[in-house]
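Novice: Positions -22 to -1, 1 to 183 (mature numbering (1 follows the signal peptide of the UniProt record, and there is no 0)) are the ones given, in order, by the sequence shown.
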Amino acid sequence: MIQRIACLAAPLLLLVPVSSHAYLVSITSGTKSIFLQVGTGTMTGGTFQSGGTPGNNATVNTVSVNVPAASVGTGPRGMTPDVIVVNSPWDNYAFCPYPAPVYVGGFYRASSGTGSATLAVTSPANLVSGANTLSFNTISWVSAGASDATPTIPSGTFAAGTTQTLLTIARNYWFESCLTFTYANAAVLPAGTYTQQVVYSLTAP
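1) What span of residues does the beta strand (DSSP E) with Trp152 cover, start to end?
2) To the nearest angstrom, how far is it from the Cα of Leu167 to the Cα of Asn110?
3) Would you mind working out which of Gly91, Asn163 and Thr141 sits nearest Ala182, comparing C-alpha positions?
4) Determine the burial state of Thr128: buried for a count of at least 16 other Cβ atoms within 10 Å of its Cβ, exposed for fewer.
5) Kindly indicate which residue of Ile147, Ala165 and Val176 has the alpha-carbon position closest to the one of Gly51.
6) Are the CB atoms of Ser89 and Val7 within a distance shorter than 8 Å?
7) Would you tell me roughly how many angstroms separate the C-alpha atoms of Ser11 and Tyr86, rounded to the nearest one?
8) Any idea which residues DSSP pairs Trp119 with across the strands?
9) If you pair each beta-carbon of the segment 114 to 130 with each one of the segment 31 to 38, do three or more pairs fall below 8 Å?
10) Counting Cβ pairs closer than 8 Å, one from the segment 130 to 140 and one from the segment 57 to 71, do we hit at least three?
11) State the Cα-Cα distance for the pair Gly170 and Val3, rounded to the nearest angstrom.
12) Hey, out of Thr31, Pro79, Tyr172 and Leu97, whose CA is closest to Ile147's CA?
See the structure below:
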């Protein structure tokens, strides 16, 4: 039987220029607002750099991997998202041209003040399949992006059952990274579909 490991990433929009392609780039000041896109997003009227407007998008993307019985416990396996966002909503640049990345980006804008926004991810303790569980710390990610030598969001591993701070965003900056997820596949588990949801959030004072 096959094990299926699925991690649901819930994009969170809490809203709602200029330079060459963005990884971390300054934007003009304005009414206090923040925007976060995780995976599928909505930008109407063009790219954000050209005057587009971010919108709410309730899509919850899934990152998953199937582990055949003969491969259970034999080592890391890459996870694949159900939707791959290749082009940056900042300027439509092909920023995530990798086999299985999840786009994460957004901005924090304010007209005054010195505060910063915090990007964080909250994960449950375990993925669950009926009565069986799998610790969330078996899933990690590598951060990258086309021509992005030093990824804005660091690579890491989920700290099961906690909220992890991933990045601090200064006022009037846009940020973005591409995350590729991996399941450690180090333990022999009962067959099943192990699922759970993580939530990315961007908050500002």
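The beta carbon of each residue, even a glycine, is placed where N, CA and C say it ideally should be.
Specialist: Quick look at the numbers:
1) Run containing Trp152: Tyr151 to Tyr161, per the beta strand (DSSP E) assignment.
2) Pairing Leu167 with Asn110, the inter-Cα distance amounts to about 8 Å.
3) Gly91 is the residue among Gly91, Asn163 and Thr141 whose C-alpha sits nearest the C-alpha of Ala182.
4) Within a 10 Å sphere around the beta-carbon of Thr128 sit fewer than 16 other beta-carbons, which makes this residue exposed.
5) When Ile147, Ala165 and Val176 are compared, the shortest CA-CA separation from Gly51 is found for Ala165.
6) For the record, residue 7 in the displayed sequence is Ser; it is not Val. Yes, these two residues count as a Cβ contact at 8 Å.
7) For the pair Ser11 and Tyr86, the Cα-to-Cα distance works out to about 6 Å.
8) For Trp119, which the question treats as bridged, DSSP gives the partners Gly134 and Phe159.
9) Output reads no: the segment 31 to 38 does not touch the segment 114 to 130.
10) The segment 130 to 140 vs the segment 57 to 71: no contact.
11) When the Cα atoms are used, Gly170 and Val3 turn out to be separated by approximately 43 Å.
12) Minimum Cα distance to Ile147 is reached at Leu97.
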